[in-house]
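Undergrad: Residue numbers 858 to 1263, in this note's numbering, belong to the letters of the sequence shown in order. Cβ coordinates follow ideal geometry from the N, Cα and C atoms, glycine included. Predicted model only: the values in this text are computed from it and were never measured. First the structure, then my questions, so here it is.
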Amino acid sequence: MAPTEVLDRNAKQNHPAKPRRTRSPQRNRDHSRPGNQPQPPESGEARDVSGIADVFRDKMVLRVDSYSPGPDDVAIPAAMVRRYGLRHGDAITGSANGATLTRLDTVHGNDPEWARSRPEFSKLTALFPQERLRLETGPRQLTNRLIDLVMPIGKGQRALIVSPPKAGKTMVIQSIANAIAKNNPEVHIMVLLIDERPEEVTDMQRSIQGEVIASTFDRPPSEHTGIAELAIERAKRLVELGHDVVLLLDSITRLGRAYNNSAPASGRILTGGIDANALYPPKRLLGAARNIENGGSLTIIASALVETGSTGDTVIFEEFKGTGNAELKLDRKLADRRVFPAIDIDASSTRRDDVILHPDELLAVSRLRKALSASNQSATEQLLDRLSKTQSNAEFLTLLLRGNAS
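Below is the structure:
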């Protein structure tokens, strides 16, 4: 026997191997300690919750704090969704235990059983806008008076505000929202701001009477698209209840960019780097605007950015240009001359305005457009000067029909 083998055997006899330490399964998979993962409120502590139902990864979640994901959101069990026929955008109240909704109290303020028999938005009959949303609120509110003349808005309108940068788009949106809130208090107003500056969001919240939903530019594109989809689904649920809803979107261009950046590539790229499939979701959102027969209405007024120097923005605008039934064009040259509202009258109009305008008003507006198009002076400046000399649009149009407006 070799000397080294004798030494190895003696070493093993004098120093036996230590038993291998084993860890219990509980210690190996203990995720309950702080810092391992975020924990929901402890089970057994029921709390009242309310929020908007959202769909996330094929599951329904109750957004408690706002339209954005938050730490207090709770999961809605699939069995509860099937039993009551819950839908994306439902306003829900109930009780949660931990991170799960355990009791459903109301859906849109009604008994949960009611939700099972409500109509579906996609099956409602769409009509042309028939009831007018007047914006005129006073003699000095020339923005609203001018829009009433060149682009009358009806309940269920699908309108585009086509604007270059720094042409007064935000002021126009605020004027429209406040005018509708004053003249039509029964209308639910929603302002959706996508990829916006935080200070602009604050200004909008303090300037209008309505619900402001925003996703600022420091958020990822997927959050922009998620908030937009939740907002439009919320509006659809209100229309199913018979409500009139006005959604002002700023802007459809930035929403198109967000879908382009977050959607999976289809392999078909348009000019400007826009994926062909990325424009379908915002087009579907804009197409939701409609007047419902024997029901409510969804009016969508969306801004579209032009003359930004981006080929992609031009492609997005061209895709949406034919989808609206009303268009308000803002002119950068007028804005540079400090003429506000900087509305290009010749390029602004409403399709089938004969349905929502009184015959006398329609005749007067037709005469007004002919007179302005024949004049060498700027039509907008000329019309603003005439409006400032009257107390209302009715007075101005009456004088126009008599041939005394000057």
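Would you identify the three-state DSSP class for methionine 937, choosing helix, strand or coil?
TA: helix
Undergrad: Pull the bridge partners of lysine 1186 from the DSSP assignment, please.
TA: Val1019
Undergrad: What do you get for asparagine 1001, buried or exposed, if any count of 16 or more other CB atoms within 10 angstroms of its CB means buried?
TA: buried
Undergrad: Can you list, in chain order, the residues of its chain whose CB lies under 6 Å from that of leucine 1162, leaving out five sequence neighbours each side?
TA: Once the five neighbours on either side are set aside, the close Cβ partners of leucine 1162 are Ser1108, Thr1110, Asp1170.
Undergrad: Please classify proline 882 as buried or exposed, where buried requires at least 16 neighbouring CB atoms within 10 angstroms.
TA: Caution applies to proline 882, whose pLDDT of 43 falls short of 50 and renders its modelled position unreliable; the value that the coordinates give is listed next. So proline 882 ends up on the exposed side.
Undergrad: Just list the alpha helix (DSSP H) runs in the stretch 1207–1262, keeping only unbroken ones of 4 residues or longer that don't cross its boundaries, in chain order.
TA: 1216–1231, 1236–1244, 1250–1259
Undergrad: Would DSSP call methionine 1047 helix, strand or coil?
TA: strand
Undergrad: Which of the three DSSP states, helix, strand or coil, is assigned to glycine 927?
TA: coil
Undergrad: Enumerate in chain order the residues of its own chain whose CB-to-CB distance from leucine 1185 is below 8 Å, with the five nearest sequence positions on each side excluded.
TA: Ile1004, Val1007, Met1008, Ala1016, Leu1017, Ile1018, Val1019, Val1029, Ile1200, Ser1205
Undergrad: Taking the CB atoms as reference points, tell me whether glycine 1067 and valine 1048 lie closer together than 8 Å.
TA: yes
Undergrad: To the nearest angstrom, how far is it from the Cα of valine 906 to the Cα of proline 934?
TA: Valine 906 and proline 934: Cα-Cα distance of roughly 15 Å.
Undergrad: Measure the alpha-carbon distance for alanine 1183 versus proline 928 and round it to whole angstroms.
TA: 41 Å
Undergrad: Would you kindly work out how many angstroms separate the C-alpha atoms of valine 918 and arginine 940, rounded to a whole number?
TA: 16 Å
Undergrad: To the nearest angstrom, report how far apart leucine 1229 and leucine 992 are at their CA atoms.
TA: 22 Å
Undergrad: Could you tell me if glutamine 1014 is buried or exposed, where buried requires 16 or more neighbouring beta carbons within 10 angstroms of its beta carbon?
TA: buried
Undergrad: Would you report the Cα separation of proline 1055 and glycine 1166, rounded to the nearest angstrom?
TA: 24 Å
Undergrad: Give me the Cα-Cα distance between tyrosine 1137 and arginine 1243, rounded to the nearest whole angstrom.
TA: 43 Å
Undergrad: How many Å lie between alanine 1088 and glutamate 1238 at the Cα?
TA: 37 Å
Undergrad: My understanding is that valine 964 touches histidine 1045, with C-beta atoms under 8 Å, so please give their C-beta distance in whole angstroms.
TA: Not a contact, Cβ separation roughly 17 Å.
Undergrad: Of all the options Thr1059, Met1061, Ile1051, Gly1130, which has the alpha carbon lying nearest to the alpha carbon of threonine 1082?
TA: Distances from the alpha-carbon of threonine 1082 to those of Thr1059, Met1061, Ile1051, Gly1130 put Ile1051 closest.
Undergrad: Measuring CA to CA, which of Gly966, Thr957, Ala932, His1100 is closest to alanine 948?
TA: For the residues Gly966, Thr957, Ala932, His1100, the minimum Cα distance to alanine 948 belongs to Gly966.
Undergrad: Looking at C-alpha atoms only, which residue of Glu1176, Ala1092, His1215 is the closest neighbour of phenylalanine 978?
TA: Ala1092
Undergrad: Hey, how far is the Cα of arginine 890 from the Cα of valine 912?
TA: In this predicted model, arginine 890 has a pLDDT of only 37, less than 50, meaning its place in the structure is not dependable enough to derive any value.
Undergrad: Taking the C-alpha atoms as reference points, what is the distance between leucine 1143 and asparagine 1035?
TA: 22 Å
Undergrad: Would you mind giving the Cβ-Cβ distance between alanine 1221 and leucine 1258, rounded to the nearest angstrom? I have them listed as a contact below 8 Å.
TA: 5 Å
Undergrad: Does DSSP put alanine 1159 in a helix, in a strand, or in coil?
TA: strand
Undergrad: Report back the beta-carbon spacing between glutamate 1150 and arginine 1189 to the nearest angstrom; my notes put them in contact at under 8 Å.
TA: Between arginine 1189 and glutamate 1150 the Cβ distance is about 40 Å, and since that is not below 8 Å, they are no contact.
Undergrad: If distances are taken between C-alpha atoms only, which option among Gly942, Val938, Ala932 comes closest to asparagine 954?
TA: Ala932
Undergrad: What is the rounded straight-line gap between the Cα of lysine 1023 and the Cα of glutamate 1057?
TA: Answer to the nearest angstrom: the Cα atoms are 13 Å apart.
Undergrad: Does the distance from the C-beta atom of serine 952 to that of alanine 903 stay below 8 Å?
TA: Cβ atoms of serine 952 and alanine 903: closer than 8 Å.
Undergrad: Given this structure, state the Cα-to-Cα distance separating arginine 1094 from proline 986, to the nearest angstrom.
TA: 19 Å
Undergrad: Could you tell me which whole beta strand (DSSP E) segments of length 3 or greater appear in the stretch 1122–1170?
TA: Counting only runs of 3 or more, we get 1147–1149, 1154–1162.
Undergrad: Suppose you measure from the CA of glycine 946 to the CA of alanine 910; what does that come to, to the nearest Å?
TA: Here the alpha carbon of glycine 946 sits roughly 5 Å from the alpha carbon of alanine 910.
Undergrad: Aspartate 1060 by DSSP, collapsed to three states: which one?
TA: helix
Undergrad: By how many angstroms is the C-alpha of leucine 1098 removed from the C-alpha of alanine 972?
TA: If you draw a straight line from the Cα of alanine 972 to the Cα of leucine 1098, it is about 10 Å long.
Undergrad: Per DSSP, phenylalanine 913 forms a beta bridge with which residues?
TA: Bridge partners of phenylalanine 913: Lys916.
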